[in-house]
Amino acid sequence: MSQLYIYNTLSRKKEAFEPLVEGRVGLYVCGPTVYSNSHLGHARPFITFDLLYRYLTFLGNKVRYVRNITDVGHLEDEVEGVGEDRIAKKARLEQLEPMEVVQKYMNTFHRNMDDLNVTPPSIEPRASGHIIEQIQVIEGILKNGYAYEANGSVYFDVEKYNNDYKYGKLSGRNLDDIKTNTRKLDGQDEKKNSFDFALWKKAAPEHIMRWPSRWSDGFPGWHLECSAMSTKYLGEQFDIHGGGMDLTFPHHECEIAQNTACRGTESVRYWMHNNMITINGQKMARSLGNFITLDELFTGTHEILEQSYSPMTIRFFILQAHYRSTIDFSNEALQASEKGLERLMSALKTLGELVASEASTVDIASLKEKCFAALSDDLNSPIAIAHLFDGVKMINSIKAGTEKISAADLEDLKEFYKAVVFDVLGLKEEGETGSGNNEVLGGAVELLINLRKDAKANKDWGTADKIRDELNAIGIELKDTKDGVEWSVK
RNA sequence: GGUUCCUUGGCCGAGUGGCUAGGCAGCGGUCUGCAAAACCGUGUACGGCGGUUCGACUCCGCCAGGAACCUCCA
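This is the structure:
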């Protein structure tokens, strides 16, 4: 199998991927902040890194995949003193316990991920369950002199850190630029510099989520959880850290700074970032209010949706673009994906029915090689899918008799499609098919097909068409092929 | 304002210094009672202006338009 190359944000280049320990990969991905329903934009990183997880596994690696749940410490507004914990704010609005809010949206998130056939991570740690670990990181940073306490809060001393290490290496900034471009905000008197970030925040009296510490009753800064939890579960150095591009700065930059300030070494070897999903050319974001939730997509209940889109259509839509490119949402694009996916899936069914010949006129080895080469080239799923469609044409041609395939090649092709479509791309069958498990429905449809057959034999086209059209109206599609009638539930 | 990036045919979306991306839609044909599906064939392209080069959609510069980050964000 070809060598895997991945684009490393740190070097801004594609690099050959070599895990720290051969055959084992440590992968950390920033998970959701569970304070409202997940939208289409959120689906992208989890599908992207699910593809990575699946492909690494397929290549024979044992992958420990850690994806956190942010359930504390994530400020609504960075304006200090005014900032309010997102979870706590939502809790007040909905009159729920903070952990009730967390549970509610975490459940929805898990259901959505399950619908999208996203593999659950090996470990899904929650920030609120790792306060002690986070405090330990703060102690380490304080001990090394890269943080200071002010008024019960602890801040990271970016300037001091930058003198010894380089702050901004991931996002390609330098501190001088940040200095001249950072807005001056009120209520930051505690900080030495406006670009310093909180490691521990003293909680205001009305703040519900709070933990004791030697500095104050308070809560940890947002950037800290990923540092603490990735170290705990993957070690002081690990292979891949992923997340959305919008997290590059400041979140991931701060994570690097925290780890380096605490231990003197960096922890992540490959940083990977997926691009955004846009709508009308603009990033889909909760704060911009231009989002469509996954549940709305699945049910078609958002006003700009012309129809509902199944989870696999969404997954396929996302996989049809490279993860580092933006994808623009539109009904037209989603409909194209839906049809394309249908074509791919029906070819898979056809593949199962192919009959082998003496020798092949098709080149399976080359198809496989090109497809895996694409996946190994920084997860180029759109190219891999393009090759899969070349294979669809091949499969249909074999069925039509214009191409032939040997028994050995046929087995090879079946195995290949199963591996790539189901195991690596993570697509799955949706809906019933004629050969499905609903025997009652199947029997009824067979009965109607036979009635229609009789009508056709009598050249009673009116009855024949009526059966076909009315079945179609209730969602059952008939196709007359030369081998007989095929039917499927749409 | 700073940093980074993008601009591909009707739509989505890859990629490359010279060789068909792919999907959806369209068109012509085969098949069919009709339709659908399938098969065969087929058109349309690289924002603008310069430069480098034997040759640029691909490299460089300028311009125009757009985006992301710089504050929470997947």
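In this text, residue positions in the first sequence follow the numbering used here: the first is 47, and each later residue adds one.
Quick reminder that beta carbons are idealized off the backbone N, C-alpha and C, glycines included.
Between the alpha carbons of serine 333 and valine 408 lies a distance of about 52 Å. In this structure, glutamine 283 lies away from phenylalanine 202, with their beta-carbon atoms at least 9 Å apart.
Annotation: the continuous alpha helix (DSSP H) that includes tryptophan 507 extends over 507–519. Closest by C-alpha distance to serine 199, out of Lys474, Gly77, Ala446, Pro266, is Pro266. Following the DSSP letters along the chain, one finds alanine 367 in no beta strand (DSSP E), marked with neither H nor E. DSSP places proline 258 outside both helix and strand once states are collapsed to three, so it counts as coil. With contacts defined as CB atoms closer than 9 Å, serine 422 and serine 174 fail to qualify as a contacting pair. According to the DSSP assignment, phenylalanine 265 belongs to the beta strand (DSSP E) that extends over 264–266. For the pair alanine 331 and phenylalanine 337, the Cα-to-Cα distance works out to about 6 Å.
A check of alpha carbon separations from arginine 361 across Asn54, Val314, Asp161, Glu349 identifies Asp161 as the nearest. Under DSSP, isoleucine 302 forms no beta bridge with any residue. Between leucine 56 and lysine 237 the beta-carbon gap is near 27 Å, outside 8 Å, which marks them as no contact. Note on geometry: alpha-carbon atoms of tyrosine 207 and methionine 255 lie some 30 Å from one another. Between isoleucine 133 and valine 147, the CB-CB gap stays under 9 Å.
Counting along the chain, the unbroken beta strand (DSSP E) around phenylalanine 284 starts and ends at 284–290.
The C-beta of leucine 397 has 16 or more other C-beta atoms within 10 Å across all chains shown, which makes the residue buried. With three or more CB-CB distances shorter than 8 Å, the segment 57–71 counts as touching the segment 277–292. The segment 340–354 makes contact with the segment 84–101, as at least three CB pairs between them are under 8 Å. In the DSSP assignment, serine 406 falls outside any alpha helix (DSSP H), carrying neither H nor E. With 16 or more other Cβ atoms from the protein chains shown falling within 10 Å of its own Cβ, isoleucine 177 counts as buried. Along the length of the segment 309–341, whole beta strand (DSSP E) runs at least 3 residues long occupy 314–320, 323–325, reported in chain order. Here threonine 448 is exposed. Its C-beta has fewer than 16 other C-beta atoms within 10 Å. By the CB criterion at 9 Å, alanine 503 and alanine 453 fall outside the cutoff. A residue is called buried when at least 16 other Cβ atoms come within 10 angstroms of its Cβ; threonine 226 does not meet this threshold and is exposed. With a cutoff of 9 Å on beta-carbon distance, aspartate 117 and methionine 152 are scored as near each other.
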